[in-house]
Amino acid sequence: MKAFKAAVGVAFYLFLFIIVPRMLAEKVPGDSLGPLGSTETIIGYSTVIGLVLASVYAAKTLTPKHSAINLAACMLSDMVGFYIFLFFVGFGEPWSFGRVEKAIPLNAIAAAGEVVSEATITFDFRFFVELLAVVLAMKLVVRLLEFYLERVEENRRRVERKQPDADFYSTGS
Amino acid sequence: MKAYVKVLSALVTVTELVVYGLFALSIFTIVTSFAGTITPVGDKQAFNMEVSPSGETVFSIKVRNQGLLDTTMRFNLQLVMQGETIELGDSITLKPGEEGDMKLRVSLTKEQMLRLITQRPRLFIKIEGRTLEERVGISVKTEVGGGQ
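Protein chains in written order, with my numbering: chain A, 1 to 173; chain B, 1001 to 1148.
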């Protein structure tokens, strides 16, 4: 059942981040997605993100919750989610942290007679980046606490397995 | 301990959803306000410039908040002539569904008027829309040259 869940999740991420962008790129004329950058770059980014998310999902689903790999996979998946948000609000520049300036040619207006070369559009979403950074930190703390509790639980189970019920011996002897 | 962690986890998830919801709402508000600002209303142009015989020039721009949050719209104009820069600005805060005008008034002297006609001044326009107590925003700046 776990393997099936992992396979479905991996297929979903690969479809969403690798196949869908390629299908969309075929429908977009030219080789640029405007302020987001060239189609090739976007597809490259989304492929890497898709592969990372698929592997992380598989690791998360297939490993026990008390394992360090599971913890690393959970934390990595949270961080990748934050990175995707940074990528989109930065219009392809994740390290702009939500404040990005883009120059857009205004051909349509220029064609209408007014001479306008280009417009500079500034997007300021730093507030949301800061909020989501706090949320990410909280998520990581929760992951660590959950991992700690799972470890404690697992240790308790292990001790129980090593020391079977005393009544069993008393009735058996 | 386990119950506390579960509550904390639920709290983090809810906070994350609220942040994404607010993000969507603010983008919707700013984009619709921009659309309401740069598009003409009926037979009225969104952007107007009037010059009175006394030499006072009034630039006006109609603003409509078609979003779901309060929006502050700013309109800045910079006229760069040889050796002189004239800067004008106005802002307006609108509740959802409201509309208003931003007006920039400038009185030019005879000399300035003459320079305006003889030289080719550079005109920079900046329109900015901000929401969530001005924490989030989009601004558009462009240079408009005339007479070419």
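Glycine residues also receive a C-beta, built at the ideal position from the N, C-alpha and C atoms.
State buried or exposed for residue i, treating a residue as buried only when at least 16 other CB atoms are found within 10 Å of its CB.
i                 : result
Met1073 (chain B) : buried
Arg158 (chain A)  : exposed
Val1063 (chain B) : buried
Ala73 (chain A)   : buried
Leu71 (chain A)   : buried
Gly172 (chain A)  : In this prediction, Gly172 (chain A) scores a pLDDT of 49, lower than 50, which makes its location untrustworthy; the coordinate-derived value is nonetheless stated afterwards. Answer is exposed; the Cβ neighbour count stays below 16.
Gln1066 (chain B) : buried
Leu1011 (chain B) : exposed
Arg156 (chain A)  : exposed
Arg143 (chain A)  : buried
Would you mind giving the Cβ-Cβ distance between residue i and residue j, rounded to the nearest angstrom? I have them listed as a contact below 8 Å.
i                 : j                 : result
Leu1094 (chain B) : Asp1070 (chain B) : 7 Å
Leu1123 (chain B) : Glu1143 (chain B) : 7 Å
Ala25 (chain A)   : Ile43 (chain A)   : 6 Å
Phe82 (chain A)   : Val1136 (chain B) : Not quite, the Cβ-Cβ distance comes to about 18 Å (not below 8 Å), so this is no contact.
Ile1138 (chain B) : Ile1030 (chain B) : 5 Å
Lys65 (chain A)   : Glu160 (chain A)  : Their Cβ separation, rounded to whole angstroms, is 18 Å, which puts Lys65 (chain A) and Glu160 (chain A) out of contact at 8 Å.
Thr47 (chain A)   : Phe17 (chain A)   : 7 Å
Thr1037 (chain B) : Ala1046 (chain B) : 6 Å
Gln1119 (chain B) : Gln1082 (chain B) : 5 Å
I'd like to confirm the pairing. Which residues does DSSP put opposite residue i in its beta bridges?
i                 : result
Ala1035 (chain B) : The partner list for Ala1035 (chain B) (beta bridge, DSSP) is empty, contrary to what the question assumes.
Asn70 (chain A)   : For Asn70 (chain A), which the question treats as bridged, DSSP gives no partner whatsoever.
Arg1130 (chain B) : B:Thr1072, B:Gly1137
Asn1048 (chain B) : B:Ser1060
Asp78 (chain A)   : Answer by DSSP bridge pairing: none, since Asp78 (chain A) is not bridged.
Phe1124 (chain B) : B:Gln1078, B:Glu1143
Lys102 (chain A)  : A:Ile121
Ile1092 (chain B) : B:Met1073
Output yes if chain A places a C-beta closer than 8 Å to the C-beta of residue i; else output no.
i                 : result
Glu1143 (chain B) : yes
Met1001 (chain B) : yes
Leu1077 (chain B) : no
Val1005 (chain B) : yes
Checking contacts by CB at 8 Å: is residue i closer than that to chain B?
i                : result
Phe125 (chain A) : yes
Val20 (chain A)  : no
Leu71 (chain A)  : no
Val142 (chain A) : yes
Lys60 (chain A)  : no
Ile121 (chain A) : yes
Phe128 (chain A) : yes
Ser67 (chain A)  : no
Ser117 (chain A) : yes
Leu76 (chain A)  : no
Leu132 (chain A) : yes
Val56 (chain A)  : no
Is residue i near the ligand NAP, going by C-beta to nearest heavy atom under 7 Å?
i                 : result
Ile1027 (chain B) : For the ligand NAP, the structure offers nothing, since it holds no ligand at all.
**OP:** With 7 Å as the C-beta to C-beta threshold (strictly closer), list the residues of the segment 1007-1030 of chain B near chain A in chain order.
**Re:** Within the segment 1007-1030 of chain B, the qualifying residues are Leu1008, Ser1009, Val1012, Thr1015, Glu1016, Val1019, Phe1023.
Original post:
Listed in chain order, which residues of the segment 1115-1139 of chain B have Cβ atoms closer than 7 Å to some Cβ of chain A?
Top reply: Cβ contacts with chain A: Leu1132, Arg1135, Val1136, Gly1137, Ile1138, Ser1139.
Original post:
Looking at chain B, which residues of the segment 144-165 of chain A have a Cβ within less than 8 Å of any of its Cβ atoms?
Top reply: Interface annotation for the segment 144-165 of chain A against chain B: Leu145, Glu146, Leu149, criterion Cβ-Cβ distance under 8 Å.
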